[in-house]
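Chemist: Okay, here's the structure, questions in a sec.
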Amino acid sequence: MSLLEVEGFTKRFGGLVAVDSVDLTVGQGEIVGLIGPNGAGKSTLFSMIAGDQRPTSGRMVFAGRDVTGWPPHRAAAAGVGRTFQLMRGFPTMTVRENVRAAAHLRHRSRSAASQAADAVIGELGLDDVADRLASTLTAASRKQLEVARALATEPRILLLDEVLSGLTPTESRRSVETILGLHRRGLTIVMVEHVLEVIMGLCERVVVLHQGAKLSEGPPSAVVSDPAVVEAYLGSGRFAAEDSGTSGGGPSSGASNSTVGARGE
Ligand SMILES: Nc1ncnc2c1ncn2[C@@H]1O[C@H](COP(=O)(O)OP(=O)(O)OP(=O)(O)O)[C@@H](O)[C@H]1O
Ligand SMILES: [Mg+2]
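Numbered as in my numbering, the sequence shown ends at 464 without a single skipped number.
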């Protein structure tokens, strides 16, 4: 059964069509990768699904209900959780307070919200930094806090927007383990990621966006050998040239952290 059905989602910013008639269906329990060059419309698509941006046109059904155009708090209450590319938490609050604030979506009492927050903090390995101000965290912990805040809303679908970018290979491996653990316990996940090895290793299905439109979709191995994808995204040297310090190149580069099309944050 599909949990999420997006039909013809389009977002215009003035003359720019950031997302162009995208259809996306995600089944209950699936883990789907969303890839594409910088500016392809990935984050904007997430924003429309999570209610942070209203679609210019299109329709979305979530868990059998038409939730098109719902504001973010209603989408979250319906079960859509997302992370932001840059931390959106409260910098002057501690990690625990940030996660507890998110947990209040489901738990009215302070003690119940605290308990739920502590469970998420434990699951993500944030115990050591739980009492630190969010503003003092390392890049890796900030990303984990974004995931923790989303998880604390007890989502049915989790939209992860580049939660591995800027992490060291060790931190990245740990995060991949966390994502795999969430998937194994039944959470439905859509993840945006520029490191193709991660997408290839984690995702059952990949959707490629290019200039706002869906370019390709299918099992990871089929998508990375799709000539349209190779031409638009993988094969072009200009993405490797823009790469933020890793070897870049493409899916066959063999580098442990090859990044395609990623702009440094
Ligand atoms: N609020 C906005 N106002 C105007 N233009 C926007 C806005 N948000 C995004 N855009 C534009 O829409 C296009 C898609 O942006 P989006 O952030 O969705 O891309 P992306 O695929 O997430 O890219 P990246 O990989 O760099 O994160 C880009 O051209 C971007 O400049
Ligand atoms: Mg983005």
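Note that beta-carbon positions come from the ideal geometry of N, C-alpha and C, so glycine has one too.
1. Say yes only if the C-beta of S167 is nearer than 7 Å to one or more non-hydrogen atoms of ligand 1, and no if none qualify.
2. Determine the direct distance from the alpha carbon of G280 to that of H260, and round the result to whole angstroms.
3. For the stretch 357–369 against the stretch 278–293, are there 3 or more C-beta pairs whose distance is under 8 Å?
4. Is it the case that the CB of K241 approaches a heavy atom of ligand 1 more closely than 7 Å?
5. Quick one, are the C-beta atoms of L350 and G240 less than 8 Å apart?
6. Extract the residue ranges of the beta strand (DSSP E) inside the stretch 206–253, only unbroken runs of 3 or more that lie entirely within it.
7. Considering only C-alpha positions, which residue in the set S364, T337, S374 and R384 is nearest to P354?
8. Tell me which same chain residues have a C-beta within less than 7 Å of the C-beta of H306, skipping the five on either side of it?
9. Pop quiz: V221 and K413 are said to be a contact at Cβ under 8 Å. What is the actual Cβ separation, rounded to whole angstroms?
10. Quick check: I234 and E403, are their CB atoms within less than 8 Å of each other?
11. In chain order, what residues of the same chain lie with their CB nearer than 7 Å to the CB of E206, ignoring the 5 residues before and after it?
12. Need the endpoints of the beta strand (DSSP E) that E416 sits in, please.
13. Of the choices V394, M399, M200 and G411, whose alpha-carbon is the least far from that of A421?
14. In this structure, how does DSSP classify R305 when only helix, strand and coil are distinguished?
15. Taking 7 Å as the cut-off, is the C-beta of G365 nearer than that to any heavy atom in ligand 1?
16. Which residues in the same chain as A431 place their Cβ atom closer than 7 Å to its Cβ, once the five residues preceding and following it in sequence are excluded?
17. For P450, count neighbouring Cβ atoms within 10 angstroms of its own Cβ and tell me buried if that reaches 16, exposed if not.
18. Which runs of the beta strand (DSSP E) at least 3 residues long sit entirely within the stretch 264–349? Give them in chain order.
19. So, with DSSP's three-state summary, where would you put S256?
20. Who does E204 pair with in a DSSP beta bridge?
21. If L216 and L202 are in contact, beta carbons under 8 Å, what's the gap, nearest whole angstrom?
22. Give a single yes or no on whether A217 has its beta carbon closer than 7 Å to a heavy atom of ligand 1.
23. Is A301 closer than 8 Å to R331 when the C-beta atoms are compared?
24. Are G411 and V266 close, meaning C-beta to C-beta below 8 Å?
25. What three-state label does DSSP hand H382 in the structure shown?
Modeler: Short version:
1. Outside the modelled stretch of the chain, which goes from 200 to 464, sits residue 167, for which no answer is possible.
2. Note that residue 260 is Val in the sequence shown, not His. Cα to Cα, the separation comes out at about 15 Å.
3. Contact check between the stretch 357–369 and the stretch 278–293: three or more CB pairs, one atom from each, fall below 8 Å, which counts as touching.
4. Taking 7 Å as the cut-off, one finds at least one heavy atom of ligand 1 near enough to the beta carbon of K241.
5. Taking 8 Å as the Cβ cut-off, L350 and G240 do not qualify as a contacting pair.
6. Those beta strand (DSSP E) runs which fall completely within the stretch 206–253 and span 3+ residues are 215–226 and 230–234.
7. Per the Cα distances, R384.
8. Around H306: A312 and A315.
9. The C-beta distance from V221 to K413 rounds to 5 Å, short enough to meet the 8 Å contact threshold.
10. Cβ atoms of I234 and E403: not closer than 8 Å.
11. Taken in chain order, the residues that qualify are D222, G257 and R258.
12. For E416, the uninterrupted beta strand (DSSP E) run begins and ends at A412 to G417, by DSSP.
13. Closest by alpha carbon: M399.
14. Secondary structure at R305: coil, using DSSP grouped into helix, strand and coil.
15. The answer is no for G365.
16. So the list reads H409 and L414, once near-sequence residues are dropped.
17. The pLDDT assigned to P450 is 37, lower than 50, so where the model puts this residue is not dependable; a value taken from the coordinates is nonetheless given after this. A buried status is given to P450, since no fewer than 16 other beta-carbon atoms sit within 10 Å of its beta-carbon.
18. Runs found: 279–281.
19. Here S256 carries a strand assignment [DSSP, helix/strand/coil].
20. Bridge partners of E204: T224 and V260.
21. Note that residue 216 is Val in the sequence shown, not Leu. Taking a contact as a CB-CB distance under 8 Å, the pair V216 and L202 does not count as one, their CB atoms being some 27 Å apart.
22. For ligand 1, at least one heavy atom lies less than 7 Å from the Cβ of A217.
23. Not closer than 8 Å, so no.
24. With respect to V266, G411 sits apart: the two C-beta atoms are not nearer than 8 Å.
25. In the structure shown, H382 sits in a helix (DSSP, three-state: H, G or I).
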